[in-house]
């Protein structure tokens, strides 16, 4: 596929033109939309032709200062020659939003017109300089049928509205702040709204409005409260006050992503706005709160200060993920939120780093910028910023953030600008640290320990390495050592903290003890220790590394029970489980009998009986490592062995602790409350974790069915259904049918119904997925539905990679069909093949055949990039 054009960061050139202002006139009709774009443009580089990006547009007319210019039309835009130094550009285009299945640019979600312009959707609305470093002020006039589209929204402030002839009306919006075109938004439809207000720290009143389909307004109340919390938190934590008189959110059913931070007019996937006690789980509530905050925080980290080019996407996304994580920690248990975030990072971002599509936080090249919206850019980017805060402390980080806002407000900048703003006021030299942005992969840190009883010294030796990614090998690159800040502690045999007598240990303002690994190999000597200490390293997951440490069973048990760092308590449990799962998996691969460690079962039982543990923490400590994480640790993906090992281990733990699990379940099940507090979330989490273990014993299958039928919250009902769907029991089909009958009119709940079936470990899962493709409630044009069914199945390690099933051919067909409808969605589904190189030879050949066939058929830039990189991994 040599026609695919690769884009390189090194080829960046500053814009040759400045757009002083832009007036947009939208005339919305049922069968077409007319757009008139009038802009005042100044030439920065004399003698340069004007290139305007544009795709899938019908050009009606173009003029410069009222005259027809010398221009050339192409598939990807148009070139205007011999332009004057200053001029007015007027372009009239015609679109067909109702036919736009890519959901980029202007499209229709049901009867609602809406836009999605990030990353390069604006070029599907009009011909323009579609790049984030071209910022201008917008005035937007929207005209439509008043009865069908009574609500007409865009960015900024509403400055006029009036009725027109023949039943039409118009609204004019003006945004006083310059912005790049990816932040433009328009929504038109017949929508309900809830309204509130917020008084800022300076006393300004801001009108808050959340729009949704009629009848759904009450489900937006929690989102409204989350928005007000976010606004107050950003004032208090980072000194950021909202700058417009109105803040609007619109909930849309058809949306490629989660949400979009368009200036003053956020457009959200409805699943991240709607929440009520009947249809939303505790996790849904937490996610809504987090994403509402994320998009609001973008007003300063993304909108007021934006990115120079898309290679620096993490400038806004990594920073804003960090900010929303900090916000969530302040609303709940810091340690438990941190554990959840790291668990997600290790399951997904670590896998991305180890796969064929690995890339640095600041990539150097791409085929499609839409593929930059990854866990590496977002979550790993946030981890790098968290390391900065760990090194300079919270007050120092706030000082750096103030410098960043003061220095770069209103500009399009790069990651180095941010790093320098944090480093300067804190007297830091981060030349080596910034390698985190340019080098891909997860650093591995190997631990070697030595205790000298005669001299009472403990030597901690650390060695770092980071395997070259597929792309780095192809480019002949070499890795340099990372600067890795590690928070640590040493425990005595009773679990008490020991003093850290080592000159290389520093302390930040939060009294965290730090060492800095900068060389490939370095040793740290601790003195005056009367006994061999137990190491607690990388506390709070202070650096996103893979820690290679052969800790003893005894030491891990001590950490799991006594470590003052709750993250490392959880991580110690994960290490214990992982060691056993790996041993069992290897045994299963050899077709030998599986016997679970009695010592591990005893330790699990003692942990379950520990009444001092917080319910949320205990629930997390009971989690077995995911199949995703196990896959990373194994050389070969043996799906059958994975499943056998996991099931045998879960069964053994359930048998050993049956009585205790029942007791805990009974204690918390009796409450069956709908209260939305962190404490109740934790109790439900623990109760449902106990039920998931009990269900491994056939005598308790009815318990899960009873919970499904009597639950007063979606959290409990979904947990019960998820358990029953995995069972070899007649109750399985009853549960699936009952849930569907109860919730078939609730689209967001049906997404859960599809997802639970697609993600099941049950042997009939593939057959079920094939049937669900023809289900009347499945719509291949709706991203939520596609993600629920196909993305969940593609991520189902043990069934998608089941060697007895023809899943690869099936999924390749779906990817190809989706690519013709919505390339963004197709490319996300295509990543299910990233693990193909880990498969046994026969499966590997099947997967390779399907990947090559896909490339030969011809794909969009988005999907081609994912598939071609997967093939390069061989």
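Residue numbers (the numbering used here): 22 to 895.
Every residue, glycine too, gets a C-beta built ideally from N, C-alpha and C.
For clarity, every value in this text was computed on a predicted model and none was experimentally measured.
ask   = When burial is assigned at 16 or more other CB atoms within 10 Å of the CB, is residue 870 buried or exposed?
value = exposed
(Q) Starting from residue 254, trace the alpha helix (DSSP H) in both directions and tell me its first and last residue. (A) 242-259
Please state whether DSSP places residue 398 in a helix, a strand or coil. helix
Notebook entry, point to check: What first and last residue would you give for the beta strand (DSSP E) that runs through residue 302?
Noted result: No beta strand (DSSP E) contains residue 302, which DSSP labels as neither H nor E.
Output yes or no for whether 9 Å exceeds the beta carbon distance between residue 492 and residue 890.
yes
Inset, instruction - For residue 156, write down the residues that DSSP places opposite it in a beta bridge. - result: 201
Helix, strand or coil for residue 190 per DSSP?
strand
Report yes or no: do three or more beta-carbon pairs, one from the stretch 101-111 and one from the stretch 75-93, lie closer than 8 Å?
yes
Beta-carbon proximity list for residue 351, same chain, < 7 Å, skipping 5 on both sides = 254
C-alpha distance - residue 703 paired with residue 695, whole-angstrom precision
13 Å
Taking DSSP's pairing of strands, which residues face residue 149 in a bridge? 74
Please tell me whether residue 881 has its Cβ less than 9 Å away from any Cβ of chain D. No chain D appears in the structure shown, which is made up of a single protein chain.
Residue environment, residue 494, which counts as buried when at least 16 other CB atoms sit within 10 Å: exposed
Less than 9 Å between the C-beta atoms of residue 420 and residue 446, yes or no?
yes
| query | Under three-state DSSP, which class holds residue 888? | reply | helix
Task: Proximity to residue 222 [Cα-Cα], best of 250, 366, 363, 256 - done: 256
| field | For residue 551, three-class secondary structure by DSSP | value | coil
Q | Buried or exposed by the 16-neighbour rule on C-beta atoms within 10 Å, applied to residue 616 | A | exposed
Between the C-alpha atoms of residue 177 and residue 270, what's the straight-line distance to the nearest angstrom?
-> 13 Å
Please report the distance separating the alpha-carbon of residue 63 from that of residue 94. 22 Å
Given 8 Å, three or more beta-carbon pairs between the stretch 670-687 and the stretch 704-714 = yes
Contained beta strand (DSSP E) runs [length at least 3] in the stretch 566-600, N- to C-terminal order = 567-569
Give me the DSSP bridge partner(s) of residue 722. Partner(s): none; residue 722 has no beta bridge.
| query | Around the C-beta of residue 417, are 16 or more other C-beta atoms found within 10 angstroms, so that it is buried, or is it exposed? | reply | buried
Review point. Cβ atoms of residue 220 and residue 228: under 9 Å apart, would you say?
Key: no
Distance between residue 272 and residue 294 (C-alpha atoms, nearest Å): 6 Å
By a C-beta neighbour count over all protein chains shown, 10 Å radius and 16 as the cutoff for buried, is residue 754 buried or exposed? exposed
*By how many angstroms is the C-alpha of residue 472 removed from the C-alpha of residue 553?*
6 Å
Point to revise | Sequence-distant residues of the same chain with beta carbon closer than 6 Å to residue 881, five excluded per side | key: 840, 844
DSSP-derived helix/strand/coil call for residue 60 | strand
According to DSSP, is residue 804 helix, strand or coil?
-> helix
Distance between residue 852 and residue 893 (C-alpha atoms, nearest Å): 14 Å
Here's a check: name, in chain order, each residue in its chain whose Cβ is nearer than 6 Å to the Cβ of residue 276, leaving out the five neighbours to either side. 290
Kindly indicate which residue of 717, 832, 77, 58 has the alpha-carbon position closest to the one of residue 875.
832
_Residues bridged to residue 754 (per DSSP)_ = In the DSSP output, where bridge partners are listed per residue, residue 754 has none listed.
Distance between residue 509 and residue 470 (C-alpha atoms, nearest Å)
14 Å
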